[in-house]
Amino acid sequence: MASDYFTKVLSSNLVINFNLPFSFPLRDLLPKLDKRRGNREPLKWRHLLNIKPSKFLLFSLIQRMKVIIIGGGPAGLAAAKALGKEPGNFEIDLYEIQPQVGGLWNYVPENKNGKPSSVNNGYVTGIYREMETNITKDIMQYNGYPFPEETEVFPTRGEVAEYLHEFSNTIVNVKIHLNSEVTKAKKVDGRWQVEVHNYDSGKNRSSEYDALIVANGHFRTPFFPLVEGLDEWRRERPDSVTHAKFYDHAEPFRGKRVLVVGNSASGIDISTQLSTVASQVYVSSRKKDELLQLNNPVVVDIGVVKSYNPDRSITLEDDSTVQDIDVVMFCTGYLYDVPFLEDYQEEISLKTRSGFRNIYKGIFFIYDPSLIFIALQKQVAPMPLAEAQSVYVARVLNKRINLPSTEDMARIEREETSKFDSESQYQYLGYPRDVDYISELIQEVLEVQDGLGGHEAEYWNGARRTSRSLSGPVKNKRLEVVLKHTLELREQKKEFVILRND
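Mapping the sequence shown onto our numbering, position 7 (from 1) lands on 7, and the numbers just tick up by one.
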């Protein structure tokens, strides 16, 4: 019976995968093993059948698995690296909408100015000209692939883009398709039917995959809050309302009274840059930023806006008003938006700020784990988190880690989300939750003692945990230096330029 089975297998698509970084068709197995065995008795099928169970992990019969990765930014590259190095029989395609990898970190100023671009298909990222990271380089890098030594503590957007480009050159066994937008993905008869538009050829193509990895980030669709009078304001003065996604540099705001809504990372950074040239910058937020308020006399924290009025004034929650607002800049984040997953909008709660639901470990869609998400979480160290998730995903797809039953995954997710007041709180990790989350994933990976290898992500403990815990204070120190630099530029009537060490 077994011999008949193996005879049939010889003509199939099955391969045998040794504890080696390659695989080959089963029909080629016997000659290769005979050569390795030297002059001993020629290998027969009975030798395969008599292998002890404890050694059966040395090889496994698996079918080729086709995997699609959507997105070529930090998350997509992490997924490609992990799957490309995973022992097994994978066929992997990565699709990136832009003409180069890097995702969010690609800077294309032409598109921010509303002009057609010859180097980009109109896709806009939230990267602006004078931008540096808000976390240090040592907690922003992939395992075993540090930033160049000469890179400063807080890399510029160009240095991050170059880092990602160089990292992509280390990826193996993955086909990367640029200028290619996934327009639709739908599960049909157990496989993912995916439609892709290529901007170079102008053509569409359809392909089938066994697993679909969504790694397109969450910085695509700007979020604008619902506030009384805002819609009328935008209709009357459309050029006076914008979002951080479309900000590039400070000069266009010279002499203007600007309202910045939001004081998270982009709100603090942009309001600081604007203060070099604007006549006044007002910051509206629910939580005051004492560092920003105390050190920059041009920036005034005004609390929450209750309404936008026809005469270019705004009314605050305490019923006071601020007059003559020239520009409203929303630094209010983005919606979770995956437009190509039309059939999953309700089940996963797409196009919201609060985050996805029905996602086990923040990665696998509970009711179909072949739908996978990388780096949904916010307030994290993006590269290490995406890498930890990707290594975990690679082990799951290769059947080296088994997921719980659907019922158990749903129960676990309910238990985890019930610890928080809202879905958005669940998605915002921050320290130490992001470190604990990464360590939990890697611990499960380390428990896979099958000797098959694969890509490794770093287990965050000891010095790495300490480094992450200090990232906030270190950034605050940096902001103090940048604010001093900002006031000096204002005295010189110069717009903001990034501060670098000589």
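Virtual Cβ for every residue (Gly too), placed ideally from N, Cα, C.
Because the structure is a prediction, the values reported are computed rather than measured.
Self-check item: Among 428, 453, 461, 450, nearest to residue 435 - alpha-carbon criterion
Solution: Here the closest residue by C-alpha is 461.
Exercise. Using only alpha-carbon positions, find the residue among 425, 233, 181 that is nearest to residue 340.
Key: Distances from the CA of residue 340 to each of 425, 233, 181 were compared; the closest alpha carbon is that of 181.
Self-check item: Extent of the continuous beta strand (DSSP E) to which residue 303 belongs
Solution: It spans 299-303 - the beta strand (DSSP E) in which residue 303 sits, taken as one unbroken run.
Exercise. Mind listing, in chain order, the continuous beta strand (DSSP E) runs of no fewer than 3 residues lying wholly within the stretch 243-330?
Key: Segments of the beta strand (DSSP E) lying fully in the stretch 243-330: 257-261, 280-284, 299-303, 305-308, 314-316, 327-330.
Practice problem: Give the range of the alpha helix (DSSP H) segment to which residue 77 is assigned. | Solution: Looking at the DSSP string, the run of the alpha helix (DSSP H) that includes residue 77 is 74-85.
Quiz item: Going straight from the alpha carbon of residue 459 to that of residue 264, what length do you get?
Solution: Rounded to whole angstroms, the gap between the alpha carbons of residue 459 and residue 264 is 28 Å.
Quiz prompt | Alpha carbon of residue 452 to alpha carbon of residue 283, nearest angstrom | solution = About 54 Å.
Exercise. Return the residue from the list 269, 250, 390 that minimises the CA-CA distance to residue 535.
Key: Residue 535 lies beyond the residue range present for the chain, which begins at 1 and ends at 502; the question has no answer from this structure.
Quiz item: Per DSSP, what kind of secondary structure is residue 233 in: helix, strand or coil?
Solution: The answer is helix: DSSP assigns residue 233 an H, G or I state.
Quiz item: Under 9 Å between the Cβ atoms of residue 174 and residue 69?
Solution: A contact, by the Cβ cut-off of 9 Å.
Quiz item: On the premise that residue 94 lies in contact with residue 73, defined as a C-beta separation below 8 Å, what is that separation, rounded to the nearest angstrom?
Solution: Residue 73 to residue 94, Cβ: 11 Å. No contact.
Quiz item: Is the beta carbon of residue 259 sitting closer than 9 Å to the one on residue 325?
Solution: At the C-beta level, residue 259 and residue 325 come within 9 Å of one another.
Quiz prompt | Under 9 Å between C-beta atoms of residue 123 and residue 222 | solution = The answer is no: Cβ separation not under 9 Å.
Exercise. Assuming residue 394 contacts residue 215 (C-beta within less than 8 Å), just tell me the rounded distance between them.
Key: Wrong, their Cβ atoms sit about 13 Å apart, outside the cutoff.
Exercise. Go ahead and pull the three-state DSSP assignment for residue 60.
Key: The predicted position of residue 60 is uncertain, since its pLDDT is 44 and thus under 50; a value taken from the coordinates is nonetheless stated next. Strand.
Exercise. Could you tell me whether the stretch 131-145 touches the stretch 381-397, using the rule of 3 or more Cβ pairs below 8 Å?
Key: Short answer: they touch.
Quiz item: Would you call the stretch 439-458 and the stretch 265-278 touching, i.e. three or more CB-CB distances under 8 Å?
Solution: The answer is no - the stretch 265-278 does not touch the stretch 439-458, with fewer than three Cβ pairs under 8 Å.
Self-check item: Distance, residue 329 Cα to residue 83 Cα
Solution: Across the structure, residue 83 and residue 329 are spaced so that their CA atoms are roughly 40 Å apart.
Self-check item: Own chain, CB closer than 7 Å to residue 415, minus 5 neighbours either side, in chain order
Solution: Closer than 7 Å at Cβ, skipping near neighbours: no residue.
Quiz item: Residue range of the beta strand (DSSP E) that residue 193 falls in?
Solution: Per DSSP, the unbroken beta strand (DSSP E) holding residue 193 starts and ends at 191-198.
Quiz item: Is it true that the stretch 475-487 meets the stretch 293-303, where meeting means three or more beta-carbon pairs spaced less than 8 Å apart?
Solution: The stretch 475-487 makes contact with the stretch 293-303; the number of CB pairs closer than 8 Å reaches 3 or more.
Quiz item: Cα-Cα, which of 235, 184, 275, 233 is closest to residue 252?
Solution: Comparing Cα positions, the closest option is 275.
Quiz prompt | Proximal residues to residue 322 (C-beta, below 8 Å), its chain only, five neighbours per side dropped | solution = Around residue 322: 259, 282, 302, 313, 314, 316.
Self-check item: Element boundaries [beta strand (DSSP E), containing residue 212]
Solution: Start and end: 211-214.
Quiz prompt | Unbroken stretches of the alpha helix (DSSP H), 4 residues or longer, contained in the stretch 369-452 | solution = Correct list: 382-397, 406-417, 423-427, 433-446.
Quiz prompt | Three-pair Cβ contact test at 8 Å for the stretch 460-476 versus the stretch 125-132 | solution = Flag = no, the stretch 460-476 and the stretch 125-132 do not touch.
Quiz item: When the Cα atoms are used, what is the spatial distance from residue 532 to residue 238?
Solution: A query on residue 532 cannot be resolved here, the shown segment of the chain reaching from 1 to 502 and no further.
Quiz item: Which of the three DSSP states, helix, strand or coil, is assigned to residue 204?
Solution: Residue 204: strand per DSSP, three-state reduction.
Quiz item: By a C-beta neighbour count over all protein chains shown, 10 Å radius and 16 as the cutoff for buried, is residue 190 buried or exposed?
Solution: The residue is exposed, with fewer than 16 neighbouring Cβ atoms inside 10 Å.
Exercise. Can you tell me which of the three DSSP states residue 470 falls into?
Key: In the structure shown, the three-state DSSP call for residue 470 is coil.
Quiz item: Roughly how many angstroms separate the alpha carbons of residue 440 and residue 392, rounded to a whole number?
Solution: When rounded, the distance between both Cα atoms is 10 Å.
Exercise. Could you pull out every residue in the same chain whose Cβ sits closer than 7 Å to the Cβ of residue 153, ignoring the five residues on either side in sequence?
Key: Excluding residues within five positions, the ones whose Cβ falls inside 7 Å are 136, 137.
Quiz item: So, residue 88 versus residue 371, is the Cβ gap smaller than 9 Å?
Solution: No, the Cβ-Cβ distance between residue 88 and residue 371 is not below 9 Å.
Practice problem: Could I get the ranges of all uninterrupted beta strand (DSSP E) runs contained in the stretch 140-182, with 3 residues as the minimum, in chain order? | Solution: Whole beta strand (DSSP E) segments, 3+ residues: 175-177.
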